[in-house]
Structures are given as structure tokens and as C-alpha cells.
Amino acid sequence: MKGADALGLVADVRARRVTAREAAREAIERIRARDPALNCFTAVLADSALRDADAVDTAIAAGRDPGPLAGLPFAVKNLFDVAGLTTLAGSKINADHPPAVKDATVVARLRGAGAVLLGALNMDEYAFGFTTENTHYGPTRNPHDPSRVAGGSSGGSAAAVAGGMVPLALGSDTNGSIRVPASLCGVFGLKPTYGRLSRAGAALFGISFDHVGPLAASVRDLAAAYDVMQGPDAADPVCAGLPVDPCLPRLDDGLDGLRIAVADGHFATRGEPEVFAAVESVAKAVGASRRVAIRENDRARAAAMIITASEGASLHMDDLKSRPMDFDPMTRDRFLAGALLPASLYVRSQRFRAWYKEHVGEILRDVDILLAPTTPFSAPPIGADTIEVAGIRVPMRPMLGLYTQPLSFIGLPVITVPVAGTAPRPLGVQLIAAPWNEVSLFRMAAVLERDGVVGV
Amino acid sequence: MSEPTRPSPDPANVARYVDEIAPLLGLPIPPACREGVERNLAVLLAAGLLLDDFPVGDAETAPVFRP
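Structure below.
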């Protein structure tokens, strides 16, 4: 996708320098050429994409506004409802379900803005994983090294963008599932504040932590998609119902007035050296020398794990009882274990969550943006159960969420940015803000991208 | 090297817990999954032990329900 910018394409479509149909046709050809090696797509919607593109071209020819994302090709993690398509959520069990009757709210908003949906993307079953090593549909492969994982659970989304098949994809993030694959594949990813974007029509997993958000190859594409998806939605009881807070017009605001610090302690240990070097390169670029420590992150991860396992198992209890062997072996034992947890542990975890929210909230009264690594290492080989990190052998898959899990636990907005020049593989850095302050994250990401510190 | 050890439940107690609780929930554990379920349950219960000794004060966490 080097040099490509989806909003540039939108401008070309709107000015009739290229048709939306041509753009869709090219995206379909890229998917056909590249996806067999990467396994991102579980459904390619070529016919409906061309129909949607034709509608955009017709609107433009008739002098009507085709929308701010006219002709922009995108694809969605296969847990989002798409009218006419069965919502797999990475499972074999859901393949028996009838097709969705309407689009998820965020999908409908993107299409309503003129974006053209190209297909549905692979993921860990029911979003319970960090690697997209899906047994039913095969592993999604990292475009930077196909022997390695794409990350997960939105692995198809990150790899489809990194592999240049679509410039924009939607994912979901419960413990890191947008940020981890964005880091390992080297793209931008936004996990907004909990409750900012509607989850209506997205298959849920850990209802206390589920977020949806975009992954993209540029900051302004990420902002444009996010702006279109914002706003109240009565169909989602978690959606906060706040008015739209546009970020795209704020990208040139610069860093004036932003207090930036590096997260220390937990977020500065147990990772590979290049991970911390990536954080330092971002910190240096913005002159951030202050370091602040968040306490009790291991307990935050413990509580997040208990809540996720309890809520995830509860959602799938009927199938766990009646057809456990139809679950992916990568998730089955963890779901069954979650189904056995006592309620007292769940409630204790929720109480700890309230304490931790207050603790981090105090820090964020004094700091506008915190910097932390996104993952403790770059993309590991597909199939690796353990990995040596900083001289210690650890279970590979849960460790991928080391730095993301405490933040989604309390619903903070985070953009992960792909740091330039990391070797040998991409790595992301998390920009973290207080709830509802996505604008500051976008301002900083835009500065970093403009200065060449981050980028795809 | 491996990660430092944390408090964890007695594996025999975990096995007994699965024996007793799973049937009460109507949740048959397939034999092929038994070992993995015990291993994962032990991880979750160990996570619970980590929270046991932490004072959270008067944190109010009632789910909000507005009729």
C-alpha cells in the first residue's frame, strides 16, 4: 500500500478522474492476486462491491453528493453483520446460521458515506485469541513474512490492509484485538473509548470490554472512517450517545498544549529491546522525557482475563453444552474453563476494575498522552506455543496482550502507530489518552506521520 | 528461565472442582478436553488468587439498570 492514501482515491473518484467501479475492480484484482498466500478473506463480495461502486458513480454523474468516503474500498472482520452474509465470528458453529438481514451499524455508516464493502475477514474464533491461527478457516499470514502470525483476533483486518488489498478494515478489540495485529502487521489501528462506537450488529465476546474500530494505512484514512462511524445508536445500550467529535479537521492542530509522558514500570519491562527502542523513538520525536508508572497492571490483566473468560463462556454456554467438539481447539478448552468460574471471582474482578480506573484516571489528569509499547515482541512464527522474550521463555499467545489488556480493561482510547524503521519486523507504539479524548491521539499520530516517525 | 511463579491452586483440587461442578451445570467436559480445561481453569483461579489480597475499598460496581 506504500504511497497509497484512500482519501486521495476518494478525491479522484469525486472529481471523476477515476470511477468507483474502476477502484473496486482493482481492489478485487488485488485480493484475487494476494489473498491466496495470506488468507485474509473468508468472503469476497465482488458482485455487491461493483453494484455499490456503480451507485457511487451514478450519484456523481447525477450531481448528487456521493459521501465523504465515495468509492473507498474496505472490508470487515467476519463478526460484523453484513446483510445477506452469514456472520461467522470465526466459527464453524455460526456457519449454520442464516444470513444477516441488515448491516451492523458501523458497516451501514461506512457504506452510507460511499465506502465500498469488498468482503469479510478472518479472525480467531469468537475473537478469543491474539494470533488468528484459526483451525476452521486456516491461519492468516503476516504480509511481512508469511511464515509468521498476523496477530489477532482482527488478523485478517490488519493483514488485508498491510498486504495492500484494501486501505481500510474494521476490527474489534476486547483485550488488544485491533492493536496487536496492527502492531505485528505494521498498520494504524484505533481502539476508541469504550462506548464511543456502536457495537450493534457485531458479534460480542467480552461484553464489558468489547470495542469496534478501524485499521488503516494512513492517519487521515483512520480519522475519516472513525468520524463517519461516530454518533449515538439506540440499538446499542453500551453506546454512549455522544455527539460526533470530528478528528479529521484537527489533524493539523499540532502538539501545542499536549502533555506527553512515557509509561514506565510494567510497560517498560518484559519486552524485547527493539520494542522499547520504538517507544523511545516516538518519545524523542515529540520531546517527551517524563516517565510515569501505572500500578497493578498484572492484577488488571488477571481481572480482565477472568471477566473475559466468564462473559465469553456465558455467551456460548448453549453450544458449549451441546456441541463442544465443534469449537476450534484453539479456543474450546479456554471457553469451557471460563464456564466453570465462580461468580464471586467475576464480581471481585469488576470491583478491581473500578479501583484501577480511578488509579489510571488520576495519572491522566496530569498527562494528556501516555506512550507504551503495543506488543512485547514482533510477529512470532505460526504454531509457536512459547517464545523467549528478554531471556525468559513464556507462553507466546497470552503474552501478546501484555501491554494492551490493562488499557481496554478500563476502556481508554488508544491509537497504535507503526513505527518507522523497526527491524526486522513491524512494531507498534500505543498512544493512550483519557476517555473521550481521541482528538489528541489523532493530533499526535498526524505529527508523527508527517515527520516520518511512523508510517506504513 | 521461565516467568516467576505466582500462587496457584492445587491441581488435585482443580480436578475435583471440575468433577463436581461441571455436571451440576449440565456441562459435559469431553475427555479430549479434560486436561486443557483443568490447565486453563488453574490459570484463571490463579488470577483470582492474585486479586484476593488486594484491597479495593468501597468501589461500587453495580450494573446500572434503568427501568
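Chain order of the listed sequences is P and S.
Under our numbering, the first residue of the first sequence carries the number 1, and numbering increases by one thereafter.
Under our numbering, the first residue of the second sequence carries the number 1001, and numbering increases by one thereafter.
For each residue, glycine too, the CB sits at the ideal point set by N, CA and C.
Query, Result
"Expressed to the nearest angstrom, what Euclidean distance is found between the alpha-carbon atoms of SER281 (chain P) and ALA83 (chain P)?", "44 Å"
"Quick one: which chain P residues come within Cβ less than 7 Å of PRO1030 (chain S)?", "PRO324 and MET325"
"Can you pull the DSSP bridge partners for PHE80 (chain P)?", "P:ALA202"
"Check the DSSP bridge columns for HIS144 (chain P) and list the partner residues they point to.", "Bridge partners of HIS144 (chain P): none, in fact."
"Closest by CA to GLY312 (chain P), which one among P:GLY112, P:ARG393, P:ASP221 and P:ASP333?", "P:ASP333"
"Using only the alpha-carbon positions, how far apart do VAL44 (chain P) and LEU118 (chain P) sit?", "6 Å"
"In this structure, does DSSP put LYS2 (chain P) in helix, strand or coil?", "Note on LYS2 (chain P): pLDDT 40, under 50, position unreliable in the model; no value is reported."
"Closer than 9 Å between beta carbons: that is the criterion. Which residues of the region 1013–1028 of chain S meet it against chain P?", "TYR1017, VAL1018, ILE1021, ALA1022, LEU1025, GLY1026, LEU1027 and PRO1028"
"Using a C-beta to C-beta distance shorter than 9 Å, which residues of chain S count as neighbours of GLY338 (chain P)?", "ASN1040, LEU1041 and LEU1044"
"Does any residue of chain P have a CB that is nearer than 7 Å to the CB of PHE1054 (chain S)?", "yes"
"Would a C-beta distance cut-off of 7 Å place SER440 (chain P) and ASP368 (chain P) closer than the cut-off?", "yes"
"On a Cα-Cα basis, can you pick out the residue from P:ALA100, P:VAL244, P:GLU22 and P:GLY112 that is closest to GLY201 (chain P)?", "P:ALA100"
"Which same chain residues, not among the five before or five after SER218 (chain P), have their C-beta less than 6 Å away from its C-beta?", "ASP5"
"List the residues of chain B that ILE387 (chain P) touches, going by C-beta distances under 7 Å, in chain order.", "Judged by its chain identifiers, the structure shown contains no chain B, and its protein chains are P and S."
"When the Cβ atoms of the region 239–251 of chain P are set against those of the region 202–215 of chain P, are three or more pairs found closer than 8 Å?", "no"
"Tell me the residue span of the alpha helix (DSSP H) that contains PHE276 (chain P).", "273–285"
"Under 7 Å Cβ-Cβ, which residues of chain S neighbour ILE306 (chain P)?", "LEU1044, ALA1047 and GLY1048"
"Determine whether the Cβ of ALA1059 (chain S) lies closer than 7 Å to any Cβ atom of chain P.", "yes"
"Should PRO424 (chain P) and PRO418 (chain P) be called a contact, given that it needs their Cβ atoms to be closer than 7 Å?", "no"
"Identify the contact partners of LYS321 (chain P) in chain S, using a Cβ-Cβ distance below 9 Å as the criterion.", "LEU1025, GLY1026, LEU1027 and PRO1028"
"Is there contact here, the region 231–239 of chain P with the region 267–281 of chain P, by at least three beta-carbon pairs under 8 Å?", "no"
"Under DSSP, the alpha helix (DSSP H) around LEU448 (chain P) begins and ends at which residues?", "438–450"
"For THR308 (chain P), which of helix, strand or coil comes out of DSSP?", "helix"
"DSSP three-state label for VAL244 (chain P), please.", "coil"
"Compare the C-beta of VAL1037 (chain S) against all C-beta atoms of chain P and say whether one is closer than 7 Å.", "yes"
"Within 10 angstroms of its Cβ, does LEU1024 (chain S) collect 16 or more other Cβ (buried), or is it exposed?", "exposed"
"So the beta strand (DSSP E) GLN430 (chain P) belongs to, where does it begin and stop?", "428–432"
"Taking DSSP as the reference, what is the three-state secondary structure of LEU315 (chain P)?", "helix"
"Residues bridged to LYS191 (chain P) by DSSP?", "P:VAL414"
"What is the rounded straight-line gap between the Cα of ILE260 (chain P) and the Cα of GLY152 (chain P)?", "28 Å"
"Could you check which residue in P:ALA11, P:ALA49 and P:LYS102 has the C-alpha nearest to that of ASP65 (chain P)?", "P:ALA11"
"Count the other C-beta atoms from every protein chain shown that fall within 10 angstroms of the C-beta of ARG295 (chain P), then say buried if there are 16 or more, exposed otherwise.", "exposed"
"Just to check my reading of the structure: ASP245 (chain P) and ARG443 (chain P) have Cβ atoms closer than 8 Å, yes? What is that Cβ distance to the nearest angstrom?", "Going by Cβ atoms, the distance from ASP245 (chain P) to ARG443 (chain P) rounds to 12 Å, so no, they are not a contact pair."
"Pull up the DSSP beta-bridge partners for LEU117 (chain P), would you.", "P:PHE74"
"With a threshold of 7 Å between beta carbons, is ASP173 (chain P) in contact with chain S?", "no"
"Apart from the five residues just before and just after ASP227 (chain P), which ones in its own chain have a Cβ nearer than 7 Å to its Cβ?", "VAL244, PRO246, CYS247 and LEU248"
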